[in-house]
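Chemist:
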Amino acid sequence: MRFGINIPPFTDPARVVGWAREAEVSGWDGVFLWDHVQWRPGAAPLDPWVMLGALASVTATVRLGTLVTPLSRRRPYAVAKQLTTVDRLSDGRAVLGVGLGEPPDRDFADLGEESDPRLRAAMLDEALDVVDQLLRGPTDVDGDHYRVRADLHPRPVQQPRPPIWVAGVAPHRRPLARARRWDGIVPIGRDDHLTPAQLADYLALDGTGASPGWDVVVDPASGVPVQEYADAGATWLVRSVSPTEERWEHQVDALVREGPVTSSG
């Protein structure tokens with residue numbers, strides 16, 4: 014089991030950099046960032062990819078990535094270039110988490126982006142294929158949503174490319190089917206944290222369950238033993254703090270300093 018923190022970069026950039034530096038010292042295995050433009054009224058999100066470049070320069074061991082980037086409002090060639098840059102800056106520690114994204118109004122419709130979830134899902138599937146090809150070599154795609162001819166250099170450190178994790182709300186089957194094509198899944202509870210039993214049931218929906226070498230990245234419920242999540246198929250436990258909570262930055266401070274709790278969620 015590996016342990017990570019998923020930080021909303023909705024504060025001063027220097028504070029986010031400090032969290033990443035301290036997280037590595039405290040024993041965390043991964044530092045991930047939310048990817049939003051507006052989110053909710055009053056929120057002030059920083060660009061996660063710019064911040065990941067800064068985090069790569071002050072850390073040496075932690076995995077770095079987004080949880081999650083909604084590909085439908087980012088150009089796949091730009092994401093491929095950003096991911097490669099972070100991978101090279103970090104000497105092969107980048108990971109790409111993707112999903113549909115929320116909220117559909119402020120982060121999509123209000124920006125002139127597609128807000129229909131079915132269309133965004135189709136765009137996500139096609140964009141994933143484009144990103145995958147761009148990271149591997151020459152690309153010539155003429156799809157329903159993207160037309161790309163490119164041979165991007167430099168290539169990422171990780172070959173054939175950095176891992177791709179796909180987020181989805183359980184118990185929906187389509188995100189699970191999408192994630193099976195890539196390197197891992199980030200299952201999200203519809204109303205609350207997934208319990209180990211719910212996680213195991215979700216992974217079994219397609220008759221497959223957990224698979225060797227395939228990551229299952231879970232935000233655990235408080236107080237549940239780590240071993241129960243491991244038995245259910247989790248490979249990463251990633252904790253987060255909502256910026257809607259009072260004094261949320263101080264909660265992140267405490268979480269970072271605490272380090273991973275390996276005996277319980």
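Numbering (this note's numbering), first residue to last: 14 to 278. C-beta: ideal position from N, C-alpha, C; glycine also. None of the values given here were measured: they were computed from a predicted structure.
1) Hey, how far is the Cα of Arg260 from the Cα of Glu271?
2) Out of Tyr90, Leu132, Gly114 and Trp32, point me to the one whose CA is closest to His49's CA.
3) Between Thr24 and Pro58, what straight-line distance do the alpha-carbon atoms span, to the nearest angstrom?
4) Quick one: what does DSSP say Val274 is sitting in, helix, strand or coil?
5) Need the endpoints of the alpha helix (DSSP H) that Ala57 sits in, please.
6) Could you tell me the distance, in whole angstroms, from the CA atom of Val154 to the CA atom of Arg162?
7) Return helix, strand or coil for Gly66, following the three-state DSSP convention.
8) Per DSSP, which one or two residues make a beta bridge with Phe45?
9) Would you say the beta carbon of Gly197 comes nearer than 6 Å to a heavy atom of the ligand NAD?
10) Quick test of the definition: if touching needs 3 or more C-beta pairs under 8 Å, does the region 168-184 touch the region 96-107?
Modeler: So, from the listed chains and residues:
1) Reading the sequence shown from its first residue, position 247 is the one you call residue 260. Reading the sequence shown from its first residue, position 258 is the one you call residue 271. C-alpha separation (whole angstroms): 17 Å.
2) Locating residue 49 in the sequence shown gives position 36, counting from the first residue. Measuring from the Cα of His49, the nearest candidate turns out to be Gly114.
3) As a working note, residue 24 is residue 11 in the sequence shown. As a working note, residue 58 is residue 45 in the sequence shown. Answer to the nearest angstrom: the Cα atoms are 7 Å apart.
4) Within the sequence shown, residue 274 is the residue found at index 261, counting from 1. Note: Val274 maps to coil in three-state DSSP.
5) Taking the first residue of the sequence shown as 1, we reach residue 57 at position 44. Per DSSP, Ala57 lies in no alpha helix (DSSP H) segment and is marked neither H nor E.
6) In the sequence shown, the residue the question calls residue 154 occupies position 141. In the sequence shown, the residue the question calls residue 162 occupies position 149. Rounded to the nearest angstrom, the two C-alpha atoms are 6 Å apart.
7) Numbered from its first residue, the sequence shown carries residue 66 at position 53. In this structure, Gly66 counts as helix in the three-state DSSP scheme.
8) Along the sequence shown, one-based indexing puts residue 45 at 32. Paired residues: Asn19 and Gly78.
9) Of the ligands one can find in the structure shown there are none, so the ligand NAD has no counterpart to examine.
10) yes
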